[in-house]
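**Student:** The structure is given below, and queries will be raised subsequently.
Number of protein chains: 2
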Amino acid sequence: MLAPIKIRDASLKQIRHACSNCSLRELCLPVGLSRDEMKQVDQLVTQGRPIRRGEYLYRAGQRFHSIYAVRLGFFKTSVISEDGREQVTGFHMNGELMGLDAISTTRHTCDAVALEDGEICELPFDDFESLARRIPALQHHLYRMMSREIVRDHGVMLLLGNMKAEERIAAFLLNLSERFEQRGYSHSSFHLRMTREEIGSYLGLKLETVSRTLSRFQEQGLVKVQNRLINLTDEAGLRQLVSSCVRD
Amino acid sequence: MLAPIKIRDASLKQIRHACSNCSLRELCLPVGLSRDEMKQVDQLVTQGRPIRRGEYLYRAGQRFHSIYAVRLGFFKTSVISEDGREQVTGFHMNGELMGLDAISTTRHTCDAVALEDGEICELPFDDFESLARRIPALQHHLYRMMSREIVRDHGVMLLLGNMKAEERIAAFLLNLSERFEQRGYSHSSFHLRMTREEIGSYLGLKLETVSRTLSRFQEQGLVKVQNRLINLTDEAGLRQLVSSCVRD
DNA sequence: CGAGGGGTTGACAAAAGTCAATTATGGTGG
DNA sequence: CCACCATAATTGACTTTTGTCAACCCCTCG
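The listed protein sequences correspond, in order, to chains A and B.
Residue numbering for the first sequence is -12 to 235, as defined by the numbering used here.
Residue numbering for the second sequence is -12 to 235, as defined by the numbering used here.
This is the structure:
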């Protein structure tokens, strides 16, 4: 989906200097800016702010000022229905944007909370917009990022609308695996940052179903599960489970 | 969601002149542009092209050049999985945009097909983007429209993830009702443009479940169903069903 | 007027949810 | 460092919801 990083070593150093977090640039910001443009972007992005596990970035209903880029950590966004039931709308990691949904109403429409300690960049949206007018690549990049979010959501709709519990969970694990790998972590062994209930909420399943399905996967030798530690022992098998469906 | 139309009669005439379809402007384009800006926007938007029922606007995989604004008619967008299962991602009417998902990959990610004869405006995206740089309100408006799409998708995720068949269908009918009303049609009596199967695909249900649920609603006096003609006879009752996804 | 697509309905099967009991786990304070 | 508590996770028995398969109707269109 994203342009791979193709930066010569020499210029890499420059970029590191201009923006202290490289993966942020790779994932959130366009490549191919001039040095001057990069400097302007960096001035816009406030330095990463540390966030504690359990801390809310924003809550539904709050006034919208900024979008947020995850620099480090693991976040979830969710909408809460009146009776308190939660629908998790996404899990967000390193280099992903949050808060795009709030642009339309100037109020946040969901909650964003850190599932582990992390670091966040805040991008004041008004400033972003006017800067985007002067830097076409930046403008285009935000359109792309929003479009990506729409595509992602369509993928989730497909999952929720068409897939059985096993397929959903297999797809979920593979998706996490891929995203961890993109960030240089192991694709076959990772730690879930969320509870079974949160997984269930995201996938439209009850926590018991999530638990049972993971157990079954383990019996079948597809994964090894130790609480939140996941080992994908048969990725091909998992892929086969979802192969009937489109993945993002 | 959308800013209501607050235009004095005098200027209304001007606008009608500048853009032959008023509801298009109301829904798709920002208000408050100068006459000159409006003229530029209108030059960008090609005149509405007639579209026949069954005709495809674009298909998944095709190269992306333009976004589309529905001027008249009723469209569905859907992704098809490899094994041929369809997930309808949305129904689109008068004044709504389609194709925003394609920006991220420069290829369309879903199919868009007309469910009845209609008329479509094509907006070449490159031109749109550069014009947006010169007209801040236009740039902002597209960000808003994309954000709206994300919010809408989150709503569907909530529906698919948390609601029972009855709740989904009630929510679906009320949503259609509202959108028809916004466009000046009856909110209590309307014609479904899609089959039970397409409704089911959108709502994550089988067509039999859709049919049965509508029959049950009719027995309960909530609606009157004559094939595709729907009469909402107890909107409050429907609304109660949806909000009683509060069941605890 | 007959074929075919869309729609309804019934009987049954499968999937996931609910309730409840039990077992880990991790964080905290003594 | 350990014991304890609250929270998270697992598992089983049973219920509810939805899907599946099949028969049938109805309407339209060629």
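Each residue gets a CB set at the ideal place from its N, CA and C atoms; glycine is no exception.
(1) Select from the region 140 to 166 of chain A all residues with a C-beta closer than 7 Å to any C-beta belonging to chain B, and list them in chain order.
(2) Taking a contact to mean a Cβ-Cβ separation below 7 Å, would you say residue 54/A touches residue 110/A in this structure?
(3) What are the residues of the region 114 to 130 of chain B that lie near chain A, defined by any Cβ-Cβ distance shorter than 9 Å?
(4) Please classify residue 141/B as buried or exposed, where buried requires at least 16 other C-beta atoms within 10 Å of its C-beta.
(5) So, is the C-beta of residue 96/B closer than 7 Å to a C-beta in chain A?
(6) Take the Cβ of residue 43/A as the centre, count every other Cβ of all protein chains shown within 10 Å, and call the residue buried at 16 or more, exposed below.
(7) Examine chain B for any beta-carbon lying closer than 7 Å to the beta-carbon of residue 227/A, and answer yes or no.
(8) Roughly how far, in whole angstroms, is the beta-carbon of residue 83/B from the beta-carbon of residue 57/B, given that I think they are within contact range, below 8 Å?
(9) Given that a residue counts as buried once 16 or more other Cβ atoms are within 10 Å of its Cβ, and exposed if not, what is residue 81/B?
(10) Taking DSSP as the reference, what is the three-state secondary structure of residue 41/A?
(11) Under 7 Å between C-beta atoms, does residue 16/B make it to chain A?
(12) Residues of chain B with CB closer than 9 Å to the CB of residue 25/A, please, in chain order.
(13) Compute the Euclidean distance between the alpha carbons of residue 190/A and residue 34/B, then round it to the nearest angstrom.
(14) Rounded to the nearest angstrom, how far is the Cβ of residue 131/B from that of residue 137/A, given a contact under 8 Å?
(15) With 16 as the cutoff for other CB atoms within 10 Å, does residue 63/B come out buried or exposed?
(16) Could you check which residue in 60/A, 115/A, 203/A has the C-alpha nearest to that of residue 225/A?
(17) Between the C-alpha atoms of residue 244/B and residue 228/A, what's the straight-line distance to the nearest angstrom?
(18) I believe residue 160/A touches residue 102/A by the beta-carbon criterion, under 8 Å. Please report the beta-carbon distance rounded to the nearest angstrom.
(19) From the beta carbon of residue 133/B, is the nearest beta carbon of chain A less than 7 Å away?
(20) Can you tell me whether residue 223/A is buried or exposed, with buried defined as 16 or more other CB within 10 angstroms of its CB?
(21) How far does the alpha helix (DSSP H) with residue 187/B in it extend, from its first residue to its last?
(22) Residue 19/A and residue 59/A - do their beta-carbons sit closer together than 7 Å?
(23) Closer than 7 Å, CB to CB, is residue 137/B near chain A or not?
(24) Just curious, the beta strand (DSSP E) that residue 224/B is in, first and last residue?
(25) Does residue 90/B have its Cβ less than 7 Å from a Cβ in chain A?
(26) Give the C-beta separation of residue 95/A and residue 86/A to the nearest angstrom, bearing in mind that I take them to be a contact with Cβ-Cβ under 8 Å.
(27) Quick one: Cα of residue 156/A to Cα of residue 197/A, how far?
(28) Are the beta-carbon atoms belonging to residue 162/A and residue 74/B less than 7 Å from one another?
(29) For the region 41 to 55 of chain B, enumerate the residues whose C-beta is nearer than 7 Å to any C-beta of chain A, in chain order.
(30) Closer than 7 Å, CB to CB, is residue 35/A near chain B or not?
(31) Please tell me whether residue 216/A has its Cβ less than 7 Å away from any Cβ of chain B.
(32) Between residue 133/B and residue 143/A, is the Cβ-Cβ spacing less than 7 Å?
(33) By Cβ distance below 6 Å, which residues in the same chain neighbour residue 88/B in space, the five residues on each side in sequence not counted?
(34) Roughly how many angstroms separate the alpha carbons of residue 195/B and residue 176/B, rounded to a whole number?
(35) Could you name the residues of the region 184 to 195 of chain A whose beta carbon sits closer than 8 Å to any beta carbon of chain B, in the order they occur along the chain?
**Tutor:** According to the structure data:
(1) 140, 141, 143, 144, 145, 147, 148, 149
(2) yes
(3) 116, 117, 119, 120, 121, 123, 126, 127, 129, 130
(4) buried
(5) yes
(6) exposed
(7) no
(8) 5 Å
(9) buried
(10) coil
(11) no
(12) In chain order: nothing, as chain B lies at least about 19 Å away.
(13) 43 Å
(14) Actually they do not touch by this definition, with Cβ atoms about 14 Å apart.
(15) buried
(16) 203/A
(17) No answer is possible for residue 244/B: the residues shown for chain B start at -12 and end at 235.
(18) Not confirmed; about 17 Å, so no contact.
(19) yes
(20) exposed
(21) 183 to 190
(22) no
(23) yes
(24) Element bounds for residue 224/B: not the beta strand (DSSP E) but the alpha helix (DSSP H), 222 to 230.
(25) yes
(26) 7 Å
(27) 7 Å
(28) no
(29) none
(30) no
(31) no
(32) no
(33) 96
(34) 23 Å
(35) 188, 189, 190, 191
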